[in-house]
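Student: Chains B and F, in that order, are what the protein sequence lines are. Mapping of the first sequence onto our numbering: position 168 corresponds to residue 168, and the numbering continues sequentially without gaps. Mapping of the second sequence onto our numbering: position 287 corresponds to residue 1287, and the numbering continues sequentially without gaps. A virtual CB, placed ideally from N, CA and C, is assigned to each residue, including glycine. Handing you a structure now.
2 protein chains.
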Amino acid sequence: MVRMKDIARKLNLSQTTVSHVLTGKHEHYRISPATVERVRKAAEELGYRSSALARAFRDRRSYSVALAVEDLTNPFWTGVAIGAEREAEAEGYVLIVSNTGGNAERERRVIRMLQEHRVDGLIVSPVTVTDRLLTELRAEGRPFLQIDRSVKGVDIPCVRTDHVAGSAMAVDHLVRRGRPDIAFVCGPQNVQTYQLRLEGFRKAVERHGLKRTTTAVLDAATAEQAQAAVRKILDARPRPTALYVGNIWMTLGALRAVRAAGLSVPGDLEIVGFDDIAEADLLSLPVSTIVQDVEAIGRESFRTLLKLMS
Amino acid sequence: MVRMKDIARKLNLSQTTVSHVLTGKHEHYRISPATVERVRKAAEELGYRSSALARAFRDRRSYSVALAVEDLTNPFWTGVAIGAEREAEAEGYVLIVSNTGGNAERERRVIRMLQEHRVDGLIVSPVTVTDRLLTELRAEGRPFLQIDRSVKGVDIPCVRTDHVAGSAMAVDHLVRRGRPDIAFVCGPQNVQTYQLRLEGFRKAVERHGLKRTTTAVLDAATAEQAQAAVRKILDARPRPTALYVGNIWMTLGALRAVRAAGLSVPGDLEIVGFDDIAEADLLSLPVSTIVQDVEAIGRESFRTLLKLMS
DNA sequence: TTGACAGGCTAATCCAGTTTAGCTTAGACT
DNA sequence: AGTCTAAGCTAAACTGGATTAGCCTGTCAA
């Protein structure tokens, strides 16, 4: 690798002068235009690439931030990652995306690794992370942001969709369509996202004064569990005429159960799901979705982190 | 941040000794067990986190590698990323995933940025990258790997599925099912992946001596283009009874066209698509797919890169 | 009583940039 | 003649580890 020193030696200049030219400081430190030109030309010729590593070391800023998410398989998280990366790149940062798989041990290992790599900031969706680790991270003074869900009792900023409002939208929509007997298929209550979606659902139901709603809270937000739950729901008499489902996989599972039961959608049953299903229109899936602008969440997260870092 | 120096000062030891203990070198450099214990305890108490940055700087190895992919929205690439990251983490590396969006300028910028961050190795799917940039990268001596597709005339290793064999599988399957009149909907020929898939198709067709096959080569591998192409294909008389489609998005587009035409699948028309559609069974999509073990491709890529790096 | 060796540690150097605090020379001005 | 200033550059320090070379003391054998 070509270093500044090499350029300096070649031109019989000091490394300092080369640095001034290459970092554009020659406005402050008067350097003759001829020298500026010579330095630039030499840098180009030798294929000089400044070492962000050396700079990071000296400045104690790595110009890198990390995003640790639960499941890169879920379009929600890839969207967030793409949004965050775009914004990061525009600001000259490198984004490190880590997939924790919602696994406590991996989450911990990944965070430690990123700490050691001295990332300037961290965006985490705390699935299993306890307030102990978060508090420790904050004590270290590393800028730090939660995304999509937050640990209770820890006052660390969090960027997320208003899940309560999202549920309200779903209920409003179904009521407006004349389907007040809604069955809500919700994810596990140890995940904050689903707590909030359930809370929003309950509030909206109360606001509308709906009497014939039901709620199924699953142990895990999977297609399989949703399929089984919906099968039961459809056995009930009178059968609900609307289904509100708490995430993308559960919606697919629900759809499967509904088809297996031979019901028509949206004739017999209208379905609203949280999370966009990108292929819904391609496949002509008869479901409405509560769409979160995932890339915006990613962009906003990075921008918030940037503020915390300055 | 706590440094080795701080631990040393606290214990009235030299930084060297602390380093020896913390890196486990005290087997070589005799240090009394009492000192080892004291150092370990102090490190723990002070919450010492070794700076991977400082180490990277000094060793000229960052213990980070990068994976630059075309489209993180495509499950193929997220699968690869997850596989590569898992393997990287196990080896103590940090993986930086970048989304180039198949855009030449972004691809170039991202690669430059990673170069400057002194990643130890690079895995790229060269969409728009020319052999000039690749050759330059190799000249720099940075270990470097192509994935899924390779630039012609540049001898840089490439990890990918055997696309030719994949196409052969598709044709074999359809022939076995008694559907020799296959229409192949293929992606653009400036992308190597589709060149190979087309080549495989042609070879298989020849091997079987099929007479009634057709081929549509699209300008872009999108659902929209595929839908339009399939619409035309279905107008032909006699109509083909089998469809082989070159990637996931095109398969979804094709499916849509087939449905719009009111044909039954697989009754009137049997469909095989390259790339897995994860939701296919959930949605009871009547298509067969050529499944690539994407995480394995990711893992294998990282392992190959690791070999190149040592 | 010397010298060989082991035990237990330390000083100094290097990595590639950025930054601070100058240093030298020529010409202008007093 | 003296001194002030601007122009155009440079030396040295700093970042946090890893490493190389070696220092000092005590014990034991010849």
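Ignoring anything shorter than 4 residues, give me the alpha helix (DSSP H) runs that lie fully in the stretch 1207-1234 of chain F, in order along the chain.
Tutor: The qualifying runs do not exist here; there are none.
Student: Helix, strand or coil: how does DSSP classify Leu243 (chain B) here?
Tutor: Residue state, collapsed to three classes: strand.
Student: Taking only beta-carbon atoms, is Gln1115 (chain F) less than 9 Å away from chain B?
Tutor: Yes, Gln1115 (chain F) lies at the interface with chain B (some Cβ there is under 9 Å from its Cβ).
Student: Which of the residues in the stretch 1036-1059 of chain F, read from start to end, lie with their CB under 8 Å from any CB of chain B?
Tutor: So the close ones are Gly1047, Arg1049, Ser1050, Ser1051, Ala1052, Leu1053, Ala1054, Ala1056 and Phe1057.
Student: Excluding the 5 residues preceding and the 5 following Arg212 (chain B) in the sequence, name in chain order all residues of the same chain whose CB lies nearer than 6 Å to its CB.
Tutor: So the qualifying residues of the chain are Asp181.
Student: Can you give me the start and stop residues for the beta strand (DSSP E) that Thr1251 (chain F) sits inside?
Tutor: Segment Ile1248 to Ala1260 is the alpha helix (DSSP H) holding Thr1251 (chain F); no beta strand (DSSP E) there.
Student: Would you call the stretch 145-163 of chain B and the stretch 115-127 of chain B touching, i.e. three or more CB-CB distances under 8 Å?
Tutor: Yes: the two stretches touch, three or more of their Cβ pairs being nearer than 8 Å.
Student: Using a Cβ-Cβ cutoff of 7 Å, what residues of the stretch 1259-1279 of chain F are near chain B? List them in chain order.
Tutor: Result list: Arg1259 and Glu1279.
Student: Using a C-beta cutoff of 9 Å, does Met1099 (chain F) count as contacting chain B?
Tutor: In the sequence under discussion, the amino acid at residue 1099 (chain F) is Asn, which differs from the Met named in the question. Yes, contact with chain B.
Student: Are any of the Cβ atoms in chain B nearer than 9 Å to that of Thr1073 (chain F)?
Tutor: Chain B, which has a Cβ nearer than 9 Å to the Cβ of Thr1073 (chain F), makes this yes.
Student: On the premise that Leu1282 (chain F) lies in contact with Ala223 (chain B), defined as a C-beta separation below 8 Å, what is that separation, rounded to the nearest angstrom?
Tutor: With 8 Å as the limit, Ala223 (chain B) and Leu1282 (chain F) qualify as a contact, their Cβ atoms being about 5 Å apart.
Student: For the stretch 1031-1039 of chain F and the stretch 1086-1100 of chain F, state whether three or more C-beta atom pairs, one from each stretch, are separated by less than 8 Å.
Tutor: No contact exists between the stretch 1031-1039 of chain F and the stretch 1086-1100 of chain F.
Student: Rounded to the nearest angstrom, how far is the Cβ of Ala66 (chain B) from that of Ile96 (chain B), given a contact under 8 Å?
Tutor: Right, the Cβ-Cβ distance comes to about 4 Å (below 8 Å), so this counts as a contact.
Student: Any beta carbon from chain F within less than 9 Å of Glu107 (chain B)'s own beta carbon?
Tutor: Not one chain F Cβ lies under 9 Å of Glu107 (chain B).
Student: Between the stretch 1261-1278 of chain F and the stretch 1157-1176 of chain F, can you find at least three pairs of beta-carbon atoms closer than 8 Å?
Tutor: Because the criterion of three Cβ pairs below 8 Å is met, the stretch 1157-1176 of chain F and the stretch 1261-1278 of chain F touch.
Student: Look at the alpha carbon of Val39 (chain B) and the alpha carbon of Val2 (chain B), and state the distance between them as a whole number of angstroms.
Tutor: Near 13 Å, if we compare the C-alpha coordinates of Val2 (chain B) and Val39 (chain B).
Student: In three-state terms, what does DSSP make of Ala1280 (chain F)?
Tutor: In the structure shown, Ala1280 (chain F) sits in coil (DSSP, three-state: anything other than H, G, I, E or B).
Student: Exposed or buried, what is Ala1236 (chain F) when buried is set at 16 or more other beta-carbons lying within 10 Å of its beta-carbon?
Tutor: That one is exposed.
Student: Closer than 8 Å by C-beta to Ser150 (chain B): which residues in its own chain qualify, once you throw out the five before and the five after it? Chain order, please.
Tutor: Excluding positions up to five away in sequence, the list reads Pro126, Ile156, Cys158, Arg160 and Gln192.
Student: Report the rounded CA-to-CA distance for Tyr63 (chain B) versus Val119 (chain B), giving the unit in angstroms.
Tutor: Roughly 7 Å between the two C-alpha positions.
Student: Taking Cβ-Cβ distances below 7 Å as the criterion, which residues of the stretch 232-253 of chain B are in contact with chain F?
Tutor: Taking 7 Å as the Cβ-Cβ cut-off against chain F, the residues of the stretch 232-253 of chain B that qualify are Leu252 and Gly253.
Student: Any beta-carbon of chain B closer than 9 Å to the one on Ala1223 (chain F)?
Tutor: Output row for Ala1223 (chain F): interface = yes.
Student: If I'm right that Gly253 (chain B) touches Ala226 (chain B) with Cβ under 8 Å, what's the distance once you round it to whole angstroms?
Tutor: 3 Å between Cβ atoms; contact.
Student: Please list the partners that Thr78 (chain B) has in chain F, where partner means a Cβ-to-Cβ separation under 8 Å.
Tutor: By Cβ distance, chain F contributes Leu1072, Thr1073 and Thr1078.
Student: Counting only beta-carbon atoms, is Ala1168 (chain F) nearer than 9 Å to chain B?
Tutor: False, the Cβ-Cβ gap to chain B never drops below 9 Å.
Student: With a cut-off of 8 Å, do at least 3 Cβ pairs link the stretch 1073-1080 of chain F to the stretch 1288-1305 of chain F?
Tutor: The stretch 1073-1080 of chain F vs the stretch 1288-1305 of chain F: in contact.
Student: Using a threshold of 9 Å, state whether the C-beta atoms of Leu1218 (chain F) and Ala1204 (chain F) are closer than that.
Tutor: Going by C-beta atoms, Leu1218 (chain F) is not nearer than 9 Å to Ala1204 (chain F).
Student: Relative to the alpha-carbon of Thr1035 (chain F), which residue among F:Leu1046, F:Leu1022 and F:Arg1112 has its alpha-carbon at the smallest distance?
Tutor: Answer by Cα proximity: F:Leu1022.
Student: Closest Cβ-Cβ distance between Met1 (chain B) and chain F: below 9 Å?
Tutor: Chain F, which has a Cβ nearer than 9 Å to the Cβ of Met1 (chain B), makes this yes.
Student: Measuring straight from C-alpha to C-alpha, what distance separates Gly1298 (chain F) and Leu210 (chain B)?
Tutor: Using only the alpha carbons, I get a separation of about 50 Å.
Student: By the three-class DSSP mapping on this structure, what secondary structure does Glu1089 (chain F) have?
Tutor: Note: Glu1089 (chain F) maps to helix in three-state DSSP.
Student: Rounding to the nearest angstrom, what Cα-Cα distance links Met1113 (chain F) and Tyr93 (chain B) in this structure?
Tutor: Roughly 9 Å between the two C-alpha positions.
Student: Cα separation between Val1018 (chain F) and Lys152 (chain B)?
Tutor: Cα to Cα, Val1018 (chain F) sits roughly 39 Å from Lys152 (chain B).
Student: Can you tell me the Cα-Cα spacing of Leu1174 (chain F) and Ala261 (chain B), whole angstroms?
Tutor: Straight-line Cα distance between these residues: approximately 31 Å.
Student: Let me check understanding here. Comparing Cα to Cα, which of F:Ser1284, F:Tyr1048, F:Gln1115 and F:Lys1307 lies closest to Ser50 (chain B)?
Tutor: Comparing Cα positions, the closest option is F:Gln1115.
Student: Have a look at B:Ile7, B:Ile233 and B:Phe201 and flag the residue whose alpha-carbon is nearest the alpha-carbon of Lys41 (chain B).
Tutor: Ranking the options by Cα distance to Lys41 (chain B), first place goes to B:Ile7.
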